[in-house]
Amino acid sequence: MHHKRSKKLQVAPNKNAQSLLILPTRLHQQVNISIKRELTRLDNRLAWRLYKLLFRSLIMLQLRPNCECCDKDLPPDAAAVICSFECTFCPECANGVLAGSCPNCGGHFSPRPVRPSHLLDKYPASSERIVKAP
Ligand SMILES: [Zn+2]
Ligand SMILES: [Zn+2]
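For the sequence shown, the numbering used here gives the first residue as 183, with consecutive numbering after it.
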């Protein structure tokens with residue numbers, strides 16, 4: 183009788199101990215997983231913000247505000263030409279005094295694309311005026 187009781191008492195605490203050991207491990211795993219998920223979400227958000235900043239400052243075409251030759255204003259919707267380095271000129275200078283090639287790099291011109299006006303708030307034109315006499 184005494185032997186049986188002690189066996190029962192021994193078995194029960196062991197089972198409890200096992201489940202007590204398993205429970206915190208599972209909880210810990212679950213917490214770990216959700217923390218990792220949150221961190222990944224944060225990482226993605228930060229990476230996206232950095233990407234957008236880089237895109238805006240480096241990758242996006244600079245819409246320069248003036249002709250680099252005669253300093254005429256060239257708002258984003260004005261006709262303008264650019265070389266591959268984004269040197270920007272009015273069509274009159276490009277076809278006239280510059281004779282179709284960029285005075286800075288010697289390259290040819292292409293028409294500057296017009297940025298859709300609804301994107302100009304988010305991706306504004308450059309305000310830095312550059313003027314170089316040819
Ligand atoms: Zn010009
Ligand atoms: Zn150029």
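The C-beta atom is built at its ideal place from N, Cα and C for all residues, glycine as well.
- [ ] Please list, in chain order, all residues with a C-beta atom less than 6 angstroms from at least one heavy atom of ligand 1.
- [x] Cys249, Cys251, Cys252, Lys254, Phe271, Cys272, Glu274, Cys275
Open item on the list: Cutting at 8 angstroms between CB atoms, please list the residues of its own chain near valine 296, excluding the five before and the five after it.
Closed with: For the purposes of this step, residue 296 is identified with residue 114 of the sequence shown, where counting begins at 1. Taken in chain order, the residues that qualify are Pro258, Asp259.
- [ ] Inspect the beta-carbon positions of arginine 223 and isoleucine 264 and report whether they are closer than 9 angstroms.
- [x] Counting from 1 along the sequence shown, the entry for residue 223 is found at position 41. Counting from 1 along the sequence shown, the entry for residue 264 is found at position 82. Taking 9 angstroms as the Cβ cut-off, arginine 223 and isoleucine 264 do not qualify as a contacting pair.
Open item on the list: Does the beta-carbon of isoleucine 286, which I'm using as the reference point, lie nearer than 8 angstroms to any heavy atom of ligand 2?
Closed with: Position 104 of the sequence shown holds residue 286. Going by the sequence as given, residue 286 is asparagine instead of isoleucine. At least one heavy atom of ligand 2 is nearer than 8 angstroms to the Cβ of asparagine 286, so yes.
TODO: Would you tell me roughly how many angstroms separate the C-alpha atoms of alanine 261 and proline 285, rounded to the nearest one?
DONE: The residue you call residue 261 lines up with position 79 of the sequence shown. The residue you call residue 285 lines up with position 103 of the sequence shown. Cα to Cα, the separation comes out at about 19 angstroms.
TODO: Mark phenylalanine 291 as exposed unless 16 or more other C-beta atoms lie within 10 angstroms of its C-beta, in which case mark it buried.
DONE: Position 109 of the sequence shown holds residue 291. Phenylalanine 291 comes out buried.
- [ ] Could you tell me the boundaries of the alpha helix (DSSP H) in which glutamate 274 lies?
- [x] To locate residue 274, count along the sequence shown from 1; it is residue 92. It spans 273-277 - the alpha helix (DSSP H) in which glutamate 274 sits, taken as one unbroken run.
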